[in-house]
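Residue numbers (my numbering), protein chains in the order written: chain A, 150 to 261; chain B, 84 to 966. Think of the CB as a built atom: it goes at the ideal place given N, C-alpha and C, for glycine as much as any other residue.
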């Protein structure tokens, strides 16, 4: 499913975590989520729409995010995603796992 | 994943599925917005608006596909794709109606016949009897060297010895089957009544639905004569009268008080209508040669049958030692109740099982072949799918689904067919066939048959999918008719050869049985039975208690029958003709020694007959005279011998006028007055026995069991039967006639079992033959399709049509001959199993084998001819255009 990474391959399953992370401080629409990930990662992580929308649908099905139509700052109709309590919990465990993995990798990179 | 979140997820999937259209619209709009935002951003960095929009679209890529992929998250994609497979599968099957019909028919026939026969085998051989602990119930038979071929009941003293000496039995009981006439309350009727001892109902754990069962008090007649009715008799004859208990019924003109009604379904032994107490009285108590009581025993749990048998062997040996005169050489063989109930049906059913197994294999081969051919035809279609991106798994799954659909449809049709077949079996099977009433289609057997065929179909359906997905798509995409030369012995050829071989085995089996039947029916019995009618008459002992009374009755009946103008001759016999009845007369050593014959014993079949018997049955007189009306009680005691008996007892001499002692009393001297031709009057099979005839009106026990009335009529059968009934009613209107039938019918009934077998095997052989025809047709058609171009080229180069026809036919002949050769070897090996069931024909009869093989080859040719004609008609221009 990780078709996205033209610049940088995402680890499998990371996209969902990143999406959840971008939603921690409030609702965003799909475009906003992609922009946000790109911005924060200094354009290292480019999220392609081809993987973003399937990922969002999966999150919906799992009940980690909710979607509702709203109006954007410049008065456009947009579909906003918000984090559900279950999503928040999921993000917690995923972040923890991720950090552990990264730390482990970093240790290997330092010593070997 | 916890259960709750799993359920939550499933629920959301379900909701999304229901709101699919809304979701889809939302997604589409969302992505449009996304594109617009992207375009806006492009404008912001200074792009021309038009250019910005294009760039956004480029960056976004294929929106349709992205929506497609997003959608996969909703609902149940796996289930949905299966639904899709089913849909495609159905469409594929609909688009090939010929293939679908033939494959379904094949499956239905294979599954149907297999299910039917397996159900029958299960019902008859395997399903436990419907009694508690029935697996531990055994019959204890007696076999004496006097009648080595009969399993008999026990004598009362032997039975007592067994009961006291044997330790392996938890319980025993015994009974004696009888026939009694029920009168009053409608037409007189002959009932099957079992005399049983008081443990009988406890033994079977049977509790009455009305009243009580029989008790030991009843044996001592403390309550007078009592009877327990079967549920069926109660319903049928007394319309389930709730006040039946305590009422009186008349059995053999004697009043019995109804003690109770047995539960529905209990009718042991056989189909009993009623049970009465068994009283052993008089000399029966001590006589060791009165083998009249059927002993049942329940083994102690865990005791193996073998050890019980050896215990009984020991008891038999000690009884034989103590009573050498009456019991020397006696044996007590055990048979489980199930075996006793099934008896001879077993061998027959096992032969059927083999036959139907073959049929199922033929069906499997056929379906495999059809699916295989179709798969090869579809290789291009599969290649196109693969080229368009279908995964191998998906293609395999779809082909699998098609095969499964086919198996499912065929299975349904097969089960319907099996239900019909079981019904037909019940209707056509000989009445003596055991446990017919319990017959029904077994769901488990249907399932197994379906699974076997489905497995074959699936396996073959997968082969092309796997090979295509492995093969070079490029090659498959090009119509490569001319490229791949057909291998001479492909899997398909092998399947057809197997099919031919197995069909041939079925065919030889059925041909042997049919011929054996035909020969059997043509046997010269020494009797002339056309226009002869037969009926049985039971004399109730109550009314005809004394010897004189029954003799007088027989004389009056004879007079009454003779008075009917339609009958050219009439007769009575003490035992049935062609319906299994005969009595045995054992000549002892002294008698034989007086005749100068050195032998221990000699068995004669004996029959007491009235004057007119030989005339009525058309038995030829060799010398001397027939019986006449002066051969009565008090006159000179006379007998007639048949040829075999005369030759055995008086070799090379004229027996007429000689006397012979038949019996122990001094008065048992009989003069031989006639010699008649040998007859087969019990069964068409076997050789004529030594026979002796005595005058009925001279014998001491006229109609002790029953009388067989025989009349030769010049009129229509129905008229003859009506006058027969009238003549009997004129003497005693309370006597029921049973088994009223023409002798021709009676004779054909004696071969009911082998005829039924022949009929079934022929049905199987015919089915097998048809399936093989289809199989060969399929394979040759396929090969013709593959070689269309080759044919075109041949014809364009000047080959005559006939040579093309020959070319294709040769292919069919090669398969047929190879199959027939294997089939002949198989028949040769397997037909020995049938040997015991064949009459006057050897299992390896060369004419039958070659005939069947020839028929098989002709059928194969017929199957190959239709596609061959198509090949012949190929237009070279059209065929070559494909190149």
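Run of the beta strand (DSSP E) containing residue i, from where it starts to where it stops
i                     : result
residue 983 (chain B) : Any answer about residue 983 (chain B) is impossible in this case: the structure gives chain B only from 84 up to 966.
residue 252 (chain B) : 252-266
residue 720 (chain B) : First-last for residue 720 (chain B): undefined, no H or E at that position.
residue 769 (chain B) : Element bounds for residue 769 (chain B): n/a, residue is neither H nor E.
residue 248 (chain A) : Per DSSP, residue 248 (chain A) belongs to no beta strand (DSSP E); it is in the alpha helix (DSSP H), 234-260.
residue 151 (chain B) : Looking at the DSSP string, residue 151 (chain B) is not in any beta strand (DSSP E); the run it does join, the alpha helix (DSSP H), is 146-154.
residue 220 (chain B) : 220-223
residue 185 (chain B) : Residue 185 (chain B) -> not in any beta strand (DSSP E); alpha helix (DSSP H) instead, spanning 180-204.
residue 686 (chain B) : 685-692
residue 994 (chain B) : Summary: the structure shown does not reach residue 994 (chain B), with chain B confined to residues 84 through 966, and so no result is reported for it.
residue 333 (chain B) : 331-334
residue 475 (chain B) : Premise fails: residue 475 (chain B) lies in the alpha helix (DSSP H), 475-511, not in any beta strand (DSSP E).
Within chain B, partners of residue i - CB distance below 7 angstroms
i                     : result
residue 215 (chain A) : Those within 7 angstroms of residue 215 (chain A) in chain B number zero; the least Cβ separation is about 11 angstroms.
residue 211 (chain A) : 92
residue 206 (chain A) : 153, 156, 157
Simplified DSSP assignment, three categories, for residue i
i                     : result
residue 50 (chain B)  : Not covered by the structure: residue 50 (chain B). The range shown for chain B is 84 to 966.
residue 297 (chain B) : coil
residue 621 (chain B) : coil
residue 220 (chain A) : strand
residue 162 (chain A) : coil
residue 117 (chain B) : helix
residue 360 (chain B) : strand
residue 210 (chain B) : coil
residue 702 (chain B) : coil
residue 919 (chain B) : helix
residue 349 (chain B) : coil
residue 742 (chain B) : strand
residue 656 (chain B) : strand
residue 615 (chain B) : strand
residue 828 (chain B) : helix
residue 184 (chain A) : helix
residue 631 (chain B) : helix
residue 307 (chain B) : strand
Proximal residues of chain A, C-beta to C-beta of residue i below 7 angstroms
i                     : result
residue 113 (chain B) : 179, 228
residue 109 (chain B) : 228
residue 99 (chain B)  : 210
Sequence-distant residues of its chain with Cβ nearer than 7 angstroms to residue i (five each side left out)
i                     : result
residue 448 (chain B) : 578, 581, 582, 858
Chain-ordered chain A contacts of residue i [CB-CB under 9 angstroms]
i                    : result
residue 95 (chain B) : 209, 210, 211, 212
Chain-order list of residues whose beta-carbon lies under 6 angstroms from that of residue i (same chain, five-residue window excluded)
i                     : result
residue 176 (chain B) : 183
residue 498 (chain B) : 529
residue 817 (chain B) : 266, 271
residue 954 (chain B) : 867, 874, 887, 891
Closer than 8 angstroms at the beta carbon, the chain B residues around residue i
i                     : result
residue 203 (chain A) : 149, 152, 153, 155, 156
N-terminal and C-terminal residue of the alpha helix (DSSP H) that residue i is part of
i                     : result
residue 800 (chain B) : 800-814
residue 855 (chain B) : 835-869
residue 141 (chain B) : 132-143
residue 338 (chain B) : Per DSSP, residue 338 (chain B) belongs to no alpha helix (DSSP H); it is in the beta strand (DSSP E), 337-344.
residue 99 (chain B)  : 86-101
residue 681 (chain B) : Unbroken run through residue 681 (chain B): none, as it is neither H nor E.
residue 588 (chain B) : 574-604
Within chain A, the residues that residue i reaches when beta carbons sit closer than 8 angstroms
i                     : result
residue 144 (chain B) : 197, 198, 199
Contacts of residue i in chain B (Cβ-Cβ under 9 angstroms)
i                     : result
residue 185 (chain A) : Within 9 angstroms Cβ-Cβ: nothing; residue 185 (chain A) doesn't reach chain B, min ~13 angstroms.
residue 225 (chain A) : 116, 119, 120
Contact with chain D by residue i, beta-carbon distance below 8 angstroms
i                     : result
residue 840 (chain B) : In the displayed structure, chain D is absent; the protein chains listed are A and B.
Residues of its chain near residue i, where Cβ-Cβ distance is below 8 angstroms and the 5 sequence neighbours each way are ignored
i                     : result
residue 203 (chain B) : 432, 435, 505, 508, 522
*Evaluate contact between the segment 592-599 of chain B and the segment 230-250 of chain B, counting only Cβ atoms and requiring at least three cross-stretch pairs below 8 angstroms.*
no
*Assess, as a yes-or-no matter, whether the segment 298-307 of chain B is touched by the segment 253-271 of chain B under the definition of 3 or more beta carbon pairs within less than 8 angstroms.*
no
*Check whether the segment 239-253 of chain A touches the segment 176-196 of chain A, counting contact only when three or more Cβ pairs, one atom from each stretch, lie closer than 8 angstroms.*
no
*the segment 156-163 of chain B in contact with the segment 122-135 of chain B per 3-pair CB rule at 8 angstroms*: no
*asked:* Contact between the segment 497-511 of chain B and the segment 456-473 of chain B is defined here as three or more beta-carbon pairs at a separation below 8 angstroms; is this criterion met?
replied: Proximity of the segment 497-511 of chain B to the segment 456-473 of chain B falls short of the contact definition, fewer than three beta-carbon pairs being nearer than 8 angstroms.
_Validate contact between the segment 660-678 of chain B and the segment 837-854 of chain B using beta carbons, cut 8 angstroms, 3 pairs_ = no
*Touching by the beta-carbon criterion (3+ pairs, under 8 angstroms), the segment 893-906 of chain B and the segment 936-943 of chain B*: yes
*Any 3 or more C-beta pairs closer than 8 angstroms across the segment 300-319 of chain B and the segment 347-358 of chain B*: Segments in contact, yes.
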